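Number of protein chains: 2
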Amino acid sequence: MNKKTFAIIGLGLIGGSMALALKGFEDFRIIGMDTSPATLAFAREHEVADVVTPDPAEAIREADVVMLCMHPQGILDFLQEHRDHFKPGCLVTDVCGVKSAIMAGAECLPETVDFIGCHPMAGTEFSGIQNAFAEMFQGSHLILTPRPGSDPAHVALMERLGEHIGCRDVVKTTPERHDQILAYTSQMMHIIAVSVCDDENLFTCKGFEGSSFRGCTRVAALDAGLWTQLFSLNTPALTTCLDELIGHLQSYREVLAGGDRQALLDKLTVSADRKRQVDLPGPDLLQ
Amino acid sequence: MNKKTFAIIGLGLIGGSMALALKGFEDFRIIGMDTSPATLAFAREHEVADVVTPDPAEAIREADVVMLCMHPQGILDFLQEHRDHFKPGCLVTDVCGVKSAIMAGAECLPETVDFIGCHPMAGTEFSGIQNAFAEMFQGSHLILTPRPGSDPAHVALMERLGEHIGCRDVVKTTPERHDQILAYTSQMMHIIAVSVCDDENLFTCKGFEGSSFRGCTRVAALDAGLWTQLFSLNTPALTTCLDELIGHLQSYREVLAGGDRQALLDKLTVSADRKRQVDLPGPDLLQ
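One line per chain: the protein sequences are A and B, in this order.
All residue numbers for the first sequence refer to this note's numbering, where the first residue is 17 and numbers rise by one.
All residue numbers for the second sequence refer to this note's numbering, where the first residue is 17 and numbers rise by one.
What follows is the structure in structure tokens.
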């Protein structure tokens, strides 16, 4: 038995789902680490990983791949604290929704340790290992931000990982481009959802909502601590997106208030045509 | 054979789905009417209704229930043109997403004809009978706006209809309250979706989107003609909602730009807790 070791640090919603999804991945033994006794007990009982431990040193000492699945600040702290504990030649990666700050934090690693930023575009509005499931990543995008000097064998390994956990595709980009686009596709969606839920109509609208309302507001039940960190680590891009959104909403508001039906029709036709040009299949569309 | 007759006027996405969902409803014979030869041919080929006809007079002459499933202006025009062609004692209803304008339009009907406003909170971003399906209404709300003087037997019939087509519940309210809440739960969701799609990032974000983006923007591929009418018939309520939304977005933008993480955490905690207090199960949630 000469198995390689894949360490997952943090067995929350994403780490737990990743451990489950990675079962049978090549010849890796999966070791899961978490500091919460309740999480560890759940992970043991449900055999989420081959080994679970509360000891970070034990988890990473022999690991050929270490995937950091904590909140952003937890990842940055772990990199600082354990910079000298990783096995030479190993690959460290993560699952964080911002990439520039994480890639900068990983600069502290010794030269013998590779780092590839990773962001699986999956998740739910729930938290914790009890909500983890192996199918979470099916049909979603896996985004990689390798270093310019990352080992091509490590990049290839991450691509095979994406295939194994069922991702639709693997997309490589720079941390800067990732954060700029994610401010639009993910962070802004969460700001919209919480803003809609700040409306006084929220508590009286039950019985009057359809799939558009459920689809838009689902993610408002977010992990406030996690998203505070994600937003704070990408504030300039996010505020730029919000300013643009507010401008587009104002523009619709003015056409509506103006009462010119033809102008409204023309404007809606343009927007709807734009959407139709962008085909975004995913695991969660109606029908 | 002494079947009652249920006429569906307009066999588009909603009318077609309603005809399919109504199969086997009590002792009703379903007659479907549409002016489009292609729609009629499709309806005949797929046996969407027991009888299909291009002749409105034929459809409504014997009908005990007439459900108007056209765009809002089409419904208003049909009521005016056929006000004297309905069978005395019959029930006329509709499926329109605004109710005050429709209820006002139905005032033209003779005293012998009852009218109950109806809005099934279901649909997709697609149009036309070719996208209709019998399961469309399963798990959704059916909203009714009876007249103060509507026959209780007619209200009861609509409630049984809601159960037959699989609705989660039947909610009765006034047209004014319907339109005020729907501006928030439905119309505003569509304005958000098109506004997000007006962003210049739309065409470069592919590969970087997850379920929150797909959920929020799905309905942007809307029927511009239909939604121009719906928005125009409910403009004051909709612009009020948009003003409130823009205010909430601005408020988040300011807290973000201010850089106070604790203030952002507190604000997100409040919004997320609001959402968690509102349980909105539906047929289209993840998992």
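The beta carbon of each residue, even a glycine, is placed where N, CA and C say it ideally should be.
Keep in mind it's a predicted model, so treat the numbers as computed, not measured.
- At least one beta carbon of chain B lies nearer than 8 Å to the beta carbon of A/R269.
- The beta-carbon distance between B/M137 and B/I159, rounded to whole angstroms, is 7 Å. This is short enough to meet the 8 Å contact definition.
- Cβ-Cβ separation between A/K291 and A/Y268: approximately 14 Å, too far for a contact (criterion under 8 Å).
- At least one C-beta of chain B is nearer than 8 Å to the C-beta of A/I207.
- In this structure, the CA atom of B/G155 is about 17 Å from the CA atom of A/R234.
- In the structure shown, A/L296 adopts coil according to DSSP, grouped into three states.
- Within the stretch 49 to 82 of chain B, the complete alpha helix (DSSP H) segments of 4 residues or longer fall at 53 to 61, 72 to 77, listed in chain order.
- Restricted to the stretch 225 to 268 of chain B, the alpha helix (DSSP H) segments that are unbroken, complete and at least 4 residues in length are 227 to 233, 240 to 248, listed in chain order.
- When DSSP states are grouped into helix, strand and coil, A/H180 belongs to the helix group.
- Taken in chain order, the whole beta strand (DSSP E) runs of length 3 or more contained in the stretch 157 to 206 of chain B are 157 to 162, 185 to 188.
- Taking a Cβ-Cβ threshold of 8 Å, none of the residues of chain B is close to A/G32; the smallest such distance is about 15 Å.
- Residue pairing by DSSP places A/R45 opposite A/T21 in a beta bridge.
- Taking a contact to require three or more Cβ pairs closer than 8 Å, the stretch 142 to 156 of chain A and the stretch 122 to 129 of chain A do not qualify as touching.
- Counting the other Cβ atoms within 10 Å of the Cβ of B/V108 gives 16 or more, which makes it buried.
- A direct Cα-Cα distance of roughly 22 Å separates B/H62 from B/I76.
- For the pair B/S287 and A/C213, the CB atoms are nearer than the 8 Å cut-off.
- Residue-level contact check: A/I91 does not touch chain B, since none of the beta carbons of chain B fall below 8 Å from its beta carbon.
- Boundaries of the beta strand (DSSP E) harbouring A/G133: 130 to 136, taken from the DSSP string.
- If you compare the alpha carbons of A/S143, A/Q266, A/N250 with that of B/G275, the shortest gap goes to A/N250.
- According to the DSSP assignment, A/D110 belongs to the beta strand (DSSP E) that extends over 107 to 110.
- Here the stretch 53 to 62 of chain A does not lie against the stretch 87 to 100 of chain A, with fewer than 3 beta-carbon pairs under 8 Å apart.
- Taking 8 Å as the Cβ-Cβ cut-off, the stretch 155 to 168 of chain A approaches chain B at S156, H157, I159, given in chain order.
- Nearest in C-alpha terms to A/D71, of all of A/D80, A/H98, A/V64, is A/H98.
- In the pairwise beta carbon analysis, the stretch 195 to 205 of chain B is classified as touching the stretch 221 to 229 of chain A: at least three pairs are separated by under 8 Å.
- Secondary structure of A/L84 (DSSP, three-state): strand.
- For B/F149, the three-state secondary structure derived from DSSP is coil.
- When rounded, the separation of the alpha-carbon atoms in A/E42 and A/P252 is 41 Å.
- At least one beta carbon of chain B lies nearer than 8 Å to the beta carbon of A/D215.
- Of the candidates B/G133, B/E141, B/D66, B/G133 places its Cα closest to the Cα of B/E192.
- Taking CB atoms only, A/H264 has a neighbour in chain B less than 8 Å away.
- The distance from the Cβ of A/H101 to that of A/A73 is about 6 Å, consistent with a contact at the 8 Å cut-off.
- Straight through space, the alpha carbons of A/L95 and A/N147 are spaced by roughly 26 Å.
- By the Cβ-count criterion, B/A169 is exposed, with fewer than 16 other Cβ atoms from all chains shown falling within 10 Å of its own Cβ.
- Non-local beta-carbon contacts of A/C112 in its own chain, meaning distances under 7 Å to residues more than five positions away in sequence, involve P88, I91, I118, H135 in chain order.
- With a cutoff of 8 Å on beta-carbon distance, B/T201 and B/L29 are scored as not near each other.
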